[in-house]
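Just so you know, the protein sequences line up as chains Z and E, in that order.
Under our numbering, the first residue of the first sequence is numbered 4, with each subsequent residue one higher.
Under our numbering, the first residue of the second sequence is numbered 85, with each subsequent residue one higher.
All residues carry an ideal CB built from backbone N, CA and C; glycine is no exception.
Bear in mind that the values here come from a model prediction, so they are computed numbers and not experimental data.
See below for the structure under consideration.
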Amino acid sequence: MKLSCMQDNLAKGLSIVSRAVASRSTLPVLGNVLLATEQGRLKLAATNLEMAVTCWIGAKVEEEGATTLPARVLGDFVNSLPPDRIEMELNVKTQTTHLKCARYDANIKGIDAQEFPIIPTLGDGKRIAIEPDALREMIEQTTFAAATDESRPVLTGVLVKFEKDKATLAAADGFRLSVRHTTLSEPVEQPISAIIPAKALQEVARVTGDQEDPIVIAVTENKSQVLFKLTNTEIVSQLIDGQFPDFTRIIPTSHQTRTTVTTSELQNAVKASSVFAREAMNTVRLQIAPANEMGGGKVTITATSAESGDNVGDIDATVDGEPVEIAFNARYLAEVLNILRAPQVALETASSASPGVFRLVGRDDFVHVIMPMHIGK
Amino acid sequence: MGHEWAIRALARSVATDRVAHAYLFTGPHGIGKTTLARKLAQAWQCAGDNRPCGACPPCQKIARDRHPDVQIIEGVPPRYDFDKDPPPPPRANDWERRALRIRQIRDLERGLARAPFEGRWKIVILRRFEESEEEAANAFLKTLEEPPRHTRLILTARDASLLLPTIASRCQVFALRPLAPAQIERALIEKYNAAPEHARLLARLSAGRLGWAVRAHENRARLDARNRYLDELNVALSEGRAERLLRAESLAKKSDDLPELLETWLGWWRDVLLIQNGDGSRTTNVDREDALRDQAHRFTTEQAQTTLQAVRATARYLTQNVNARLALEVLLLNLPGK
Ligand SMILES: [Zn+2]
Numbered sequence: 004m005k006l007s008c009m010q011d012n013l014a015k016g017l018s019i020v021s022r023a024v025a026s027r028s029t030l031p032v033l034g035n036v037l038l039a040t041e042q043g044r045l046k047l048a049a050t051n052l053e054m055a056v057t058c059w060i061g062a063k064v065e066e067e068g069a070t071t072l073p074a075r076v077l078g079d080f081v082n083s084l085p086p087d088r089i090e091m092e093l094n095v096k097t098q099t100t101h102l103k104c105a106r107y108d109a110n111i112k113g114i115d116a117q118e119f120p121i122i123p124t125l126g127d128g129k130r131i132a133i134e135p136d137a138l139r140e141m142i143e144q145t146t147f148a149a150a151t152d153e154s155r156p157v158l159t160g161v162l163v164k165f166e167k168d169k170a171t172l173a174a175a176d177g178f179r180l181s182v183r184h185t186t187l188s189e190p191v192e193q194p195i196s197a198i199i200p201a202k203a204l205q206e207v208a209r210v211t212g213d214q215e216d217p218i219v220i221a222v223t224e225n226k227s228q229v230l231f232k233l234t235n236t237e238i239v240s241q242l243i244d245g246q247f248p249d250f251t252r253i254i255p256t257s258h259q260t261r262t263t264v265t266t267s268e269l270q271n272a273v274k275a276s277s278v279f280a281r282e283a284m285n286t287v288r289l290q291i292a293p294a295n296e297m298g299g300g301k302v303t304i305t306a307t308s309a310e311s312g313d314n315v316g317d318i319d320a321t322v323d324g325e326p327v328e329i330a331f332n333a334r335y336l337a338e339v340l341n342i343l344r345a346p347q348v349a350l351e352t353a354s355s356a357s358p359g360v361f362r363l364v365g366r367d368d369f370v371h372v373i374m375p376m377h378i379g380k
Numbered sequence: 085m086g087h088e089w090a091i092r093a094l095a096r097s098v099a100t101d102r103v104a105h106a107y108l109f110t111g112p113h114g115i116g117k118t119t120l121a122r123k124l125a126q127a128w129q130c131a132g133d134n135r136p137c138g139a140c141p142p143c144q145k146i147a148r149d150r151h152p153d154v155q156i157i158e159g160v161p162p163r164y165d166f167d168k169d170p171p172p173p174p175r176a177n178d179w180e181r182r183a184l185r186i187r188q189i190r191d192l193e194r195g196l197a198r199a200p201f202e203g204r205w206k207i208v209i210l211r212r213f214e215e216s217e218e219e220a221a222n223a224f225l226k227t228l229e230e231p232p233r234h235t236r237l238i239l240t241a242r243d244a245s246l247l248l249p250t251i252a253s254r255c256q257v258f259a260l261r262p263l264a265p266a267q268i269e270r271a272l273i274e275k276y277n278a279a280p281e282h283a284r285l286l287a288r289l290s291a292g293r294l295g296w297a298v299r300a301h302e303n304r305a306r307l308d309a310r311n312r313y314l315d316e317l318n319v320a321l322s323e324g325r326a327e328r329l330l331r332a333e334s335l336a337k338k339s340d341d342l343p344e345l346l347e348t349w350l351g352w353w354r355d356v357l358l359i360q361n362g363d364g365s366r367t368t369n370v371d372r373e374d375a376l377r378d379q380a381h382r383f384t385t386e387q388a389q390t391t392l393q394a395v396r397a398t399a400r401y402l403t404q405n406v407n408a409r410l411a412l413e414v415l416l417l418n419l420p421g422k
């Protein structure tokens, strides 16, 4: 292998694939990045066997070939180089790659590319095209609700469903549920449903930044892998095997009170309360009062800590229905308010012991459910 | 090489794809359980026609333990820290104690929740499952009862009776039998380029365990240790009471070596008895025939018999946490003398 490429391209490519490098693995090659020439470009790839990221960068190829180099060493070295042309040459016999850039030289010892796992490519599986901005927003509005502890592997994933012209993403961790829909420009022939690890989707969202063309999603025939194809990057993820809970049953079908507030006002009030909530199992209380002769509807947000004290914040609200008091985990509230991207949010409640449902005003493509915390009197 | 019946039965099940999801291979350390497990994994993942072909990329990756969908798990040393310590080195000897911990079973479950990366199956080989801690074994039971659909599990153990009955009963069990010395001798010469004289000795010492013989051939340390253990015994036989007590003290310090030392001594006294009974062609320690004959002549059959039993009893005491130094003192003082 002999080629040259630009330092900034290589640094950027390495930063994209490096998230998939395995930090501790019994297979040493998983700590390496694959470098291979492919149709006049340089292909970079890394995998931790749960996810694989491949990225192609422009290169001047003089001699075809492939090797794998330790991700950390290669990344740190390339990042330290000036923005100039890098020349690369592999000595097949010693599996050592010589890098030269401006007045810097390095020899990096690698592992034979034969050892690198075979990364699945876009086969003849069913393909779905989706706009990058829509996909990114859907990912951001659901993945944060997925479980981070591995005791129930299906909950560390996001349920992704395509049916006719509707795409749905849903994530839940046992305390909250986030569901987001969107309309596809081209309907799918047969319904597809898969559980994709939340981490992999977050990687997809991360690399869609300068993507303009639609992203192609393909689920492989035996349904064990999903592939996201971008212009110069591909992300493959293992699917999670198992049954995702029927989330439609978690969403309450009726409510007693519907409270509409300005998102940023609630966000600020929750932020102020979390200072005190931290020492009280993260509990914040919402006292919801409809308009009466004394004044307009309002929500009073309070948190009380035995050590630090307490706080009270009032915000204006449009309240339809009965007064109600309900408590939530402050972090859950903050996280959902953070990803709404909408000026107004509606909270639907039935009682202090029933789940709270968050919706966007004037839109029915997003639902978020949070289990209430117990209100001790 | 060897275990043809097991290979035939497994090959049939692979050919017809009538495969159990869990297997248990039992037999003494070094008899070839893991080798057979790798073979079976190759048969399952092979991309060639005659599974396992041994030549296709999956077969070759498995042979070098480099296949992403074939994982070999075995116990870790005591007080091993999963987050800080580097991967544990191979065992110093067959007797080194390790434990399969619940953390390893949890990681395994996590991995199995994902589909295979490049192979047909996700295969896990759990070596020496008798070393699993109770909570690990109980946690594993869940995986064994409801394995994800792409999973194949292979357990190895010294004996099925050392596992929880609920585990053994959920596996298809293959008890591997020791091979004939001639078979091992031939394998060492033909496949591992061993010198004939060396192959003959290793074949005898291996007690039918090809894996042991191959490792001893590839790594002199095992044979060196065996020679040292026999030298200790032979010197002790010519020593007086005070010297034997000192020897017991120094031997007791290397407690990890004791099971293998006693195993070696047991083989020695068996040989002495064989010669005394006129059955000299079946001895194990063929490289030390002169010393064996000398002792068979010098000691009575009764002395050899008593010593054999004493060595066996000492080995048993040591598994019961008896003070090693005391046990060795008793044994050494009771060895026959000049
Ligand atoms: Zn093969």
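- Message: On the DSSP bridge list, what partners appear for Gln155 of chain E?
- Response: E:Val208
- Query: What residues in the stretch 242-253 of chain Z bring their beta carbon closer than 8 Å to a beta carbon of chain E?
  - Reply: Leu242, Ile243, Asp244 and Gly245
- Query: Does the separation of the CB atoms of Thr321 of chain Z and Asp313 of chain Z fall below 8 Å?
  - Reply: no
- Task: Would you kindly work out how many angstroms separate the C-alpha atoms of Lys415 of chain E and Thr403 of chain E, rounded to a whole number?
- Result: Contrary to the premise, residue 415 of chain E reads as Leu rather than Lys in this sequence. Going by the C-alpha atoms only, they are around 15 Å apart.
- Task: Could you name each continuous alpha helix (DSSP H) segment of 4 residues or more that falls completely within the stretch 192-240 of chain E, going from the start of the chain to the end?
- Result: 218-229
- Within 7 Å of ligand 1: residues by beta-carbon to any heavy atom: E:Gln126, E:Cys130, E:Ala131, E:Gly132, E:Arg135, E:Pro136, E:Cys137, E:Gly138, E:Ala139, E:Cys140, E:Pro142 and E:Cys143
- Message: Could you check if Asp149 of chain E belongs to the surroundings of ligand 3, using beta carbon to heavy atom distance under 7 Å?
- Response: Of the ligands this structure carries, namely ligand 1, none is ligand 3.
- Under 8 Å, do Leu263 of chain E and Leu294 of chain E count as touching if we go by C-beta distance? yes
- Item | C-alpha gap between Phe147 of chain Z and Thr263 of chain Z, whole angstroms | 23 Å
- Return the bridge partner residues of Glu90 of chain Z from the DSSP annotation. Z:Ser7 and Z:Lys103
- Message: Please identify, using Cβ separations under 7 Å, the residues of the stretch 108-126 of chain Z that lie next to chain E, in order along the chain.
- Response: Glu118, Pro120 and Ile121
- Item | Whole-number beta carbon distance between Gly138 of chain E and Trp296 of chain E, since they are thought to touch under 8 Å | Incorrect: roughly 23 Å between the Cβ atoms, too far for contact.
- Taking C-alpha atoms, which residue in Z:Arg22, Z:Phe279, Z:Thr124 and Z:Gly365 lies nearest to Val222 of chain Z? Z:Thr124
- Message: Counting only C-beta atoms, is Pro232 of chain E closer than 8 Å to chain Z at any point?
- Response: yes
- Query: What's the gap between the Cα of Pro112 of chain E and the Cα of Gln42 of chain Z?
  - Reply: 54 Å
- Message: Residues of chain Z with CB closer than 7 Å to the CB of Pro171 of chain E, please, in chain order.
- Response: Thr29
- Task: Can you tell me which of the three DSSP states Pro142 of chain E falls into?
- Result: helix
- Query: For Leu13 of chain Z, which residues from the same chain have a beta carbon less than 7 Å from its beta carbon, with the 5 sequence-adjacent residues on both sides left out?
  - Reply: Ile60, Val81 and Ile89
- Quick one: is Ser227 of chain Z near chain E, going by C-beta distance under 8 Å? yes
- Task: Would you please verify whether the beta carbon of Pro73 of chain Z is less than 8 Å from any beta carbon of chain E?
- Result: no
- Message: Taking the alpha carbon of Pro31 of chain Z as the reference point, which residue from Z:Pro85, Z:Gly316, Z:Ala173 and Z:Asp115 has its own alpha carbon closest?
- Response: Z:Asp115
- DSSP state of Phe361 of chain Z mapped onto helix, strand, coil: strand
- Buried or exposed by the 16-neighbour rule on C-beta atoms within 10 Å, applied to Leu330 of chain E: exposed
- Task: Taking Pro156 of chain Z as the query, report the chain E residues whose CB atoms sit under 7 Å from its CB, ordered along the chain.
- Result: Arg194 and Ala197
- Nearest to Asp168 of chain Z by CA position, among Z:Val182, Z:Leu162, Z:Ala149 and Z:Val191, is which residue? Z:Val191
- Task: Report all residues from its chain with a CB closer than 6 Å to the CB of Asp11 of chain Z; omit the five preceding and five following residues, and keep chain order.
- Result: Pro86
- chain Z contact residues for Pro152 of chain E, given Cβ-Cβ distances below 7 Å: Leu30, Leu52 and Pro120
- Item | Secondary structure of Met141 of chain Z, DSSP reduced to three states | helix
- Tell whether a beta-carbon distance below 8 Å holds between Glu206 of chain Z and Arg22 of chain Z. yes
- Should Gln117 of chain Z be labelled buried (16 or more other beta-carbon atoms within 10 Å of its own) or exposed? exposed
- Query: Can you name the residues of chain E whose CB is closer than 8 Å to the CB of Glu206 of chain Z?
  - Reply: Those do not exist, as Glu206 of chain Z stays about 15 Å from chain E at its closest Cβ, beyond 8 Å.
- Same chain, Cβ closer than 6 Å to Leu204 of chain Z, five either side skipped, listed in chain order: Ile142, Thr146 and Val161
- Candidates Z:Asn110, Z:Lys274 and Z:Met297, of which the one nearest Val287 of chain Z by Cα: Z:Lys274
- Query: Which residues in chain E sit within 8 Å of Met325 of chain Z, going by Cβ to Cβ distance?
  - Reply: Checking the sequence, you will find Glu at residue 325 of chain Z rather than Met. Correct list: empty, because the minimum Cβ distance to chain E is about 44 Å.
- Item | Identity of the residue in E:Gly159, E:Val154, E:Asp133 and E:Glu344 nearest His234 of chain E by Cα | E:Val154
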